[in-house]
Amino acid sequence: MEINIQPLVPEIIMAVLALLLLLLELFVRRKETVGLLCIASVTVAAYYMPQSFGKAFGGMFISDGYSVFFKFLFFINLILTVLLSIRYIVIERVNHGEYYALMMLSTLGMMIMASAGDLIVLYLGLELMALSTYILAGFIRHDIRSNEAALKYFLLGAFSSAILLYGITMIYGRTGTTGIALIGAALAEGTVDPVLLLSVTALLVALGFKIALAPFHMWAPDAYEGAPTSVTAFMSVGPKAAGFAALGRVFLTGFGPLTGEWSVILIVLSVLTMAVGNILAIQQQNIKRMLAYSSVAHAGYAVIGVIAAGAEGLSSMMNYLFIYALMNIGAFAVVITLRSEGFQGESLHDYKGLSRTHPVAAAVMLVFMFSLTGIPPTAGFIGKFYIFKAAVAAGYAWLAVVAVVFSVISAFFYLRVVMYMYMHEPEGEPLTLSLSPAIGLALLITTVMVLIVGIYPSPFLAFARIAAG
Amino acid sequence: MVELFFGYLAGAVVVLSLLVVFSRNAVHSVLWMLLMFLHMAGLYLLLNAEFLAATQVIVYAGAILVLFLFVIMLLNITEEMRLEQFTVGWPMGVSVSLGVLIAMLAALSGFRTDLKGPWSIEAVERTTHTKALGKVLYTEYMLPFEIASLVLLVAIVGAVYLAKKRLR
Amino acid sequence: MMKLFELLIQPGSFDILLDILVVVLKIAVVIAVVMLHVAYATYFERKVIGHMQVRMGPREVGPHGLLQPVADMLKLFFKEDIIPARADKPVFYLAPVISLMAALSSLAVIPFFDGFVIADINIGLLFILAVSSLGSYGIVLSGWASNSKYSFLGGLRSMAQVISYEVAMGLSLVGVMIMAGSLNLTEIVRAQASYPAGMFAVPQVLGFFVFIVAAIAETNRAPFDLPEAESELVAGYFVEYSGMRFALFYAAEYIGMIVMGALAVTCFLGGWTVPGFVTAVLPFLEHVPGVVWFIGKLYFIIFFYYWIRATLPRYRYDQLMNIGWKILIPLALVNILITGIAKVIL
């Protein structure tokens, strides 16, 4: 058998450099260096990305526009979260080099998921991503909340992995293959039987766990709240996007002939997710918990892109995830700056009067809150607009209306943060922000990008459209 | 004859799994699970997969389950043995399991037995299972194999970090 | 029932019955011989160690104390069987049986001489590893079920020790698997005969070393006998056992020793064969039956066990773990690497 590793070059580079970082951690005294090297490694992998198009290992691994788009998304996610972490993990007193290596390995798992042309590869990529993230969630070993987050995330994640494997075995028993394209070919005759339905449901449930669709979102609030904030930012974007990448590939290519069946289930889940996420977010007093529910709700919007299917739907979903990554990490970056030695800064009340004490931070947070709500001229508006457009074009106008209604509801809790910042007097002791050049850079990038995409979106839309094929 | 063996092994696996769940004493649960793993190894043997059968015993029974025992014994759960029941959600659990069971029974008819790959029983018997598995694993399934090694590495790094790294 | 009957009166079913009968006979022979060896292994252990420590060893029962094992057996047989209060009875009863079964069933795949093996299976080596990993259940369960602190500590120690050293042992055998290209023990022996040295102990010297050390730890023998360290734990996991049940544990330990010795002989010392260069010099040795060679090599290994026990002091627990994880496993991995590279080049 001829082995063509050209499409795998970025993944191999990531793996080798991650292991090198792990070794280097022994000798490097200043762990900040490891963080910077991590960013450098990512750029090396990104450099080799354009040459990687093609298939390897008999179609088990596919590098195409779709996967490359997601891989760039994962890289952005990794770089931004590393920038957030450099100062933050010092404050949390967990400044260890393994942190960066694990983030790289987790990103590697996501890349494999996005490129998987075979369900076994998909499963292993998912495990690699998830296992690294479980450890990262429990990275603050001396904090009981972090332990709890890791444990809950791990138990429910392991549970969902088992369901995924059930689904894979059933589809294997029905079609005799685990190749996603081969499954699509085998199902082309279009007969629907209970095995297929069960297998589709199992895969949907398992991936639903990863992207936190209701009713499989139970782990998300606890895990997001307890995990280190930088890791929360990382796992609210990366694993979710990877889950969407897998969802798009498996359901549109593999289960394409069954679109009529699974889209019904997805519509129900989507509405439920938007309802649960947006309504439960209202009563949260902890900002990380609120953002957790908000990220659940955003998964509900993005799923509409998968339901709409076709290049239009897919590209709107990819575009949405890209924008979501920027604004969500930006919001978490502001949350992190509030955390300082001996001060949690996670309660909504800590934001009261922020505009008086730290006007710039407040203004930046304002941009992200507007964007998460979907108010023009921010990127959030563009993302939602194209999702809804795709839904209407695919004949799901009523779903778009429902989503708009829930967006309006979401304004309540996003704008409450803005109200606290601008219309309340500061309470208690004045806040000190823990700033560093790295986090400043991250905030700059995210803010500028959110505004640029909001005002001049066409190049980004074109990129997603080309990538979706 | 094969049906007879399969019937016994499959039935035993079901009964033993139930015993694992319903045992009051956690150590007894682990022992039932040990027996269940041995029966599963028997099922592999029935499928001509002797390498898998041996690995099943070495890895699951010999290593993983022993670690279960280790943890259970160190926790010394004598209080829990006397508790009536500590989860309230069991009616929900039972109904979900029953639902899954019914769905799976309904799905049985859809499985296909006419699909044949290159590794028929005769081919496996000719090359011996260990060799056949090795060949497939290191050529066709090279990529998953390598990813699996990374997964295990991450698990090791995580275990070492969470258990060993001193607090600063 | 009818079907079973029809199966029995079919032509050819007589051959099957005959096969079964032969296997049963083989099992009976092997168990009888091994049990006899177990009885006298205890005697020789006491004699050898006695002489090494300038004592005489057992002398009272029979000439030179030769009937001592019989006396021991009778004593254990008639002793009262005491079960501790609040012990977990089913598990307490089960534990020694598990130990003994695990040790005995390993014997099934060992080729004692050319053509004599109870079950000539493809994965003989893996079978032994699998079964010996089950043996640790007997120990740990006896420790737990006795409801005694000493037993419990002994059981926990043994569990950690056996798991750690099993990894090293399995890895040390990988070199042998690579060289022989098979997991079948008969074929492994044949493969050795075709190598110039006549045994894998020469090219696999690293693997042999790791295997021998790991085998000592696996069988809980000195200097790795921490699970039953008398000075700390009285007798470790079987403190609470008495009479026949105690005897079962004792037998299991010695059978384990014999199994490990036999495995070393088959995998590293050429089993029932004689190295080619020996028969070239002394051609009459070719007529010595294979079983004699096998047993001779096995006796040597067992003597080596006694020798080590009489010579080395017991290791500390952390030293034991360090040796296992930081020395033996890396050594075994290096051995695999070297063997693999050599196999590819040559």
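Residue numbers (this note's numbering), protein chains in the order written: chain A, 1 to 469; chain B, 1001 to 1168; chain C, 2001 to 2346.
Glycine is no exception: its CB is placed at the ideal position from the N, C-alpha and C atoms.
Nearest chain A C-beta to residue i closer than 8 Å, yes or no?
i                             : result
phenylalanine 1111 of chain B : yes
alanine 1010 of chain B       : no
leucine 1150 of chain B       : yes
glycine 1099 of chain B       : no
With DSSP as the reference, label residue i as helix, strand or coil.
i                            : result
glycine 2062 of chain C      : coil
glycine 54 of chain A        : strand
glycine 1117 of chain B      : coil
glycine 256 of chain A       : helix
glycine 353 of chain A       : coil
glycine 179 of chain A       : strand
glutamate 1146 of chain B    : helix
valine 1157 of chain B       : helix
phenylalanine 332 of chain A : helix
glutamine 2192 of chain C    : helix
glutamine 2204 of chain C    : coil
valine 1088 of chain B       : coil
proline 142 of chain A       : Checking the sequence shown, residue 142 of chain A turns out to be histidine, not proline. Histidine 142 of chain A falls in the coil class under three-state DSSP.
valine 28 of chain A         : coil
Taking 8 Å as the CB-CB limit, is residue i close to chain B?
i                          : result
valine 2348 of chain C     : Any property of residue 2348 of chain C remains undetermined from this structure, which presents chain C solely from 2001 to 2346.
alanine 15 of chain A      : yes
leucine 2183 of chain C    : yes
valine 2117 of chain C     : no
valine 205 of chain A      : no
tryptophan 2144 of chain C : yes
aspartate 143 of chain A   : no
isoleucine 135 of chain A  : yes
valine 2109 of chain C     : no
Can we count residue i as close to the ligand PLP, meaning its CB is less than 7 Å from some heavy atom?
i                         : result
histidine 1129 of chain B : The model on display carries no ligand, and the ligand PLP is accordingly not part of it.
Tell me the residue span of the beta strand (DSSP E) that contains residue i.
i                      : result
serine 2182 of chain C : It is not in any beta strand (DSSP E) - serine 2182 of chain C carries neither H nor E in the DSSP assignment.
List the residues that DSSP assigns as beta-bridge partners of residue i.
i                             : result
isoleucine 62 of chain A      : A:Lys55
asparagine 286 of chain A     : A:Ser347
phenylalanine 2113 of chain C : C:Phe2116
alanine 116 of chain A        : A:Phe61
serine 2142 of chain C        : For serine 2142 of chain C, which the question treats as bridged, DSSP gives no partner whatsoever.
serine 340 of chain A         : A:Phe343
Along the alpha helix (DSSP H) that carries residue i, what are the first and last residues, could you check?
i                         : result
histidine 1129 of chain B : 1129 to 1138
glycine 380 of chain A    : 379 to 393
aspartate 2435 of chain C : No information on residue 2435 of chain C is available, as it lies outside the stretch 2001 to 2346 that chain C covers here.
leucine 204 of chain A    : 194 to 210
glycine 2290 of chain C   : 2290 to 2311
leucine 1016 of chain B   : 1002 to 1022
glutamine 2068 of chain C : 2068 to 2078
alanine 411 of chain A    : 397 to 423
lysine 240 of chain A     : 229 to 249
threonine 2339 of chain C : 2329 to 2345
Answer yes or no: does any C-beta atom of chain C fall closer than 8 Å to that of residue i?
i                             : result
phenylalanine 1070 of chain B : yes
isoleucine 1058 of chain B    : yes
alanine 1163 of chain B       : no
alanine 1063 of chain B       : yes
Do three or more CB pairs link the segment 1051 to 1061 of chain B to the segment 1017 to 1025 of chain B at distances below 8 Å? In short, these stretches do not touch, since the Cβ pair count stays below three.
If you pair each beta-carbon of the segment 97 to 112 of chain A with each one of the segment 73 to 80 of chain A, do three or more pairs fall below 8 Å? Output reads yes: the segment 73 to 80 of chain A touches the segment 97 to 112 of chain A.
Do the segment 2164 to 2177 of chain C and the segment 1090 to 1097 of chain B make contact, defined as three or more Cβ pairs closer than 8 Å? no
Say whether the segment 198 to 217 of chain A touches the segment 1113 to 1128 of chain B, bearing in mind that this needs 3 or more beta-carbon pairs closer than 8 Å, one atom from each stretch. no
Three or more C-beta pairs closer than 8 Å, one from the segment 2094 to 2107 of chain C and one from the segment 2254 to 2271 of chain C: is that the case here? yes
Sufficient close CB pairs (3 or more, under 8 Å) joining the segment 262 to 275 of chain A to the segment 90 to 109 of chain A: Touching, no, given that fewer than three Cβ pairs across the two stretches are closer than 8 Å.
Can we say the segment 2111 to 2125 of chain C touches the segment 2146 to 2164 of chain C, given the rule of at least three CB pairs closer than 8 Å? no
Decide if the segment 2275 to 2286 of chain C is in contact with the segment 2320 to 2339 of chain C; the criterion is three or more beta carbon pairs, one per stretch, under 8 Å apart. Per the Cβ contact rule, the segment 2275 to 2286 of chain C is not in contact with the segment 2320 to 2339 of chain C (fewer than 3 Cβ pairs under 8 Å).
Inter-stretch contact at 8 Å, needing at least 3 Cβ pairs: the segment 250 to 257 of chain A / the segment 168 to 187 of chain A: yes
Does the segment 267 to 283 of chain A come into contact with the segment 299 to 312 of chain A, if we say contact requires no fewer than three beta-carbon pairs (one atom in each stretch) closer than 8 Å? yes
Quick one: any contact between the segment 2201 to 2217 of chain C and the segment 2268 to 2281 of chain C, if contact means 3 or more CB pairs under 8 Å? yes
Examine the Cβ distances between the segment 6 to 14 of chain A and the segment 47 to 65 of chain A and report whether three or more of them are shorter than 8 Å. yes
Tell me whether the segment 2188 to 2197 of chain C and the segment 2240 to 2248 of chain C touch, counting them as touching only if at least three CB pairs, one residue from each stretch, are closer than 8 Å. no
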